[in-house]
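First residue of the sequence shown: 1, per full-length UniProt numbering; consecutive thereafter. To keep things clear, I will list the structure first and then write my remarks on it.
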Amino acid sequence: MSNDPAFSKSFLTSAITVTLCCLWPTIINTTVGVNGVDKDLINVSRVLRLNATTKTFKIILPSAMPMIFTGLRLSLGIGWMVLIAAEMLAQNPGLGKFVWDEFQNGSSNSLARIMVAVLVIGLIGFLLDRGMLMLQRRTSWDKNAVLH
Numbered sequence: 001m002s003n004d005p006a007f008s009k010s011f012l013t014s015a016i017t018v019t020l021c022c023l024w025p026t027i028i029n030t031t032v033g034v035n036g037v038d039k040d041l042i043n044v045s046r047v048l049r050l051n052a053t054t055k056t057f058k059i060i061l062p063s064a065m066p067m068i069f070t071g072l073r074l075s076l077g078i079g080w081m082v083l084i085a086a087e088m089l090a091q092n093p094g095l096g097k098f099v100w101d102e103f104q105n106g107s108s109n110s111l112a113r114i115m116v117a118v119l120v121i122g123l124i125g126f127l128l129d130r131g132m133l134m135l136q137r138r139t140s141w142d143k144n145a146v147l148h
């Protein structure tokens with residue numbers, strides 16, 4: 001075993017924690033989206049005798065896309081919150097560790113630094129959500145289904 005691993009133990013712990021927290025909203029929303037595909041569209045695919053690949057990419061995926069993106073946006077927000085908390089707990093370098101260190105510092109300027117860090121965390125979360133919404137608008141065939 002090497003003394004200098006490719007990833008530190010705290011990084012792997014944080015990555016696994018974030019992955020496990022982000023996984024479920026995407027899986028659940030994808031399942032609901034696929035289950036909610038209009039039955040008439042499925043019947044049309046049977047009448048046209050579409051193969052599984054064509055049926056998936058031409059009917060199921062476009063119909064389920066709004067729910068899939070809802071799950072992805074939820075996962076992104078949850079992942080960002082969990083990442084900050086994991087950085088605090090695992091002492092990984094990042095905004096979470098910075099907030100924790102400033103909290104433990106207790107100097108007169110710590111509260112101001114913590115508030116700025118919280119605003120930066122919120123701004124980054126907002127920008128991540130807007131980025132995912134822009135991606136959804138570019139990939140969605142129904143532009144009216146994408147909320148602003």
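All C-beta atoms in this analysis are idealised placements derived from N, C-alpha and C, irrespective of residue type, glycine included.
- Excluding residues up to 5 positions away in sequence, S75 lie with their Cβ nearer than 8 angstroms to the Cβ of L23 in the same chain.
- Take the alpha-carbon of N109 and the one of A15: they are about 31 angstroms apart.
- Cβ atoms of T26 and L72 come within 8 angstroms of each other, at about 6 angstroms.
- Taken atom to atom, the span from the alpha-carbon of E87 to that of R130 is near 24 angstroms.
- In this structure, DSSP gives D38 a state outside helix and strand, which the three-state scheme calls coil.
- For I68, the uninterrupted alpha helix (DSSP H) segment begins and ends at L61 to A90.
- When DSSP states are grouped into helix, strand and coil, W141 belongs to the coil group.
- For N51, there is no enclosing alpha helix (DSSP H), as DSSP marks it with neither H nor E.
- Sequence-distant partners of N29 (beyond 5 residues in either direction) whose C-beta falls short of 6 angstroms from its own C-beta, in its chain, are M67, T70 and G71.
- Around the Cβ of F98, a 10 Å sphere holds 16 or more other Cβ atoms; the residue is buried.
- By the criterion of a C-beta distance shorter than 6 angstroms, L41 is surrounded in its chain by I59, once the five residues flanking it on both sides are discounted.
- Less than 9 angstroms divides the Cβ of I124 from the Cβ of W80.
- Counting other Cβ atoms within 10 Å of its Cβ, A112 stays below 16 and is therefore classed as exposed.
- When the Cα atoms are used, T31 and W141 turn out to be separated by approximately 20 angstroms.
- In the DSSP assignment, F98 falls within the alpha helix (DSSP H) that extends over L95 to N105.
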